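Novice:
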Amino acid sequence: MEKREELYAGKAKSVYATDNPDLLVMHFRNDTSAFDGKKREQLERKGAVNNQFNAFIMEKLQAAGIATHMEKQLSADESLVKRLDMIPVECVVRNIAAGSICRRLGIPEGTELNPPTYELFLKNDALGDPMINESHALSFGWATQEQLETMQKLTFRANEVLRQLFLDGGMLLVDFKLEFGVFHGEVLLADEFSPDGCRLWDRQTREKLDKDRFRQDLGNVVESYEEVGRRLGMTFSYA
Ligand code: ADP
Ligand code: TMP
Ligand code: ASP
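The working numbering applies: residue -14 is where the sequence shown begins, and numbers increase by one.
1. If we require 3 or more residues per run, which beta strand (DSSP E) segments fall completely within the region 53 to 83?
2. Tell me whether the beta-carbon of L185 lies closer than 9 Å to the beta-carbon of L174.
3. Quick one: residues in its chain with C-beta nearer than 6 Å to the C-beta of F13, no 5 flanking neighbours on either side, listed in chain order?
4. Under DSSP, the beta strand (DSSP E) around G32 begins and ends at which residues?
5. Using the three-state DSSP reduction, which class does M219 fall into: helix, strand or coil?
6. Identify whether S124 lies in helix, strand or coil by the three-state DSSP scheme.
7. Is the separation between the beta-carbon of D197 and that of A83 shorter than 9 Å?
8. With respect to 8 Å, is the separation between the Cβ of M11 and the closest non-hydrogen atom of the ligand ADP below this value?
9. Per the DSSP calculation, M156 is bridged to which residue(s)?
10. Alpha carbon to alpha carbon, how far is F221 from Q58? Give it in angstroms, no decimals.
11. Please tell me whether, using a cut-off of 8 Å, the distance from the CB of V0 to the nearest non-hydrogen atom of the ligand ADP is below it.
12. Identify whether G214 lies in helix, strand or coil by the three-state DSSP scheme.
13. For the ligand ADP, is there any heavy atom lying closer than 8 Å to the beta carbon of K108?
14. Return the first residue and the last residue of the alpha helix (DSSP H) that F199 is part of.
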């Protein structure tokens, strides 16, 4: 496999073409952003930590029957993935209220959500990733009914698997965001699962161990991501 030209540089990752038109190299950079790119910083080791964290989680999801874009981890901060037509809809499950749902609905942070909520957001930084519903996705052609059903089913399945995985490590999976894309007609889980796109709290103390540490200037951002990985039995390499 030969890495070729950069196709896209996002807020936290860059994607590169390869000599195989069906495959991309995904490079996890140290760039960290929040509030749709309004707050940005470079955090040492974050690219490597998120790449290895993501590879670990994607393998667990794949083993649980969720088809993903992952081919293999290439280096500390790069992975090879299938090249998908991305669906511009972000799927969010919440087990506990935090973040935007508290602001939108006046819910106190920490309220248990039973059953968990499922929300869709349009992936569009310029518009601040507005919340949408299935009718919008259909009317504007962002996804088909069948794709929406698959995305919802896979997102809830991921919640079952990951909630237990984090609980076994003494953590609460508060919420998370997934992105999907289409590969030769099949909907696959894409992008990443890392502490950048979810909320994780210590089960006992409810200490925040995710990107809220960056959003809220709590410090020790990457150190907390490493702690989450350590609790799942991971070891990171930075070379
Ligand atoms: P953003 O675009 O939100 O700033 P990133 O910095 O994480 O996000 O950039 C990664 C980009 O790559 C995202 O736009 C994401 O939708 C896209 N992407 C993720 N996985 C794939 C894939 N398998 N094929 C094509 N594009 C992908
Ligand atoms: P929210 O509380 O800001 O709506 O976010 C819910 C969860 O989804 C939280 O873990 C962060 C994640 N998320 C992203 O990572 N990127 C996004 O663009 C959105 C809308 C949510
Ligand atoms: N991931 C989005 C951003 O980088 C939203 C957030 O995390 O606040 O802006």
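Backbone N, C-alpha and C define an ideal beta-carbon position, used for all residues, glycine too.
Predicted, not measured: the structure shown is a model, and the values here were computed from it.
Specialist: Taking the geometry as given:
1. 55 to 60, 63 to 67, 70 to 81
2. no
3. K(-2), G32, N35, N36, D62
4. That residue, G32, is in no beta strand (DSSP E); its alpha helix (DSSP H) goes 31 to 48.
5. coil
6. helix
7. yes
8. yes
9. D187
10. 13 Å
11. yes
12. helix
13. yes
14. 197 to 200
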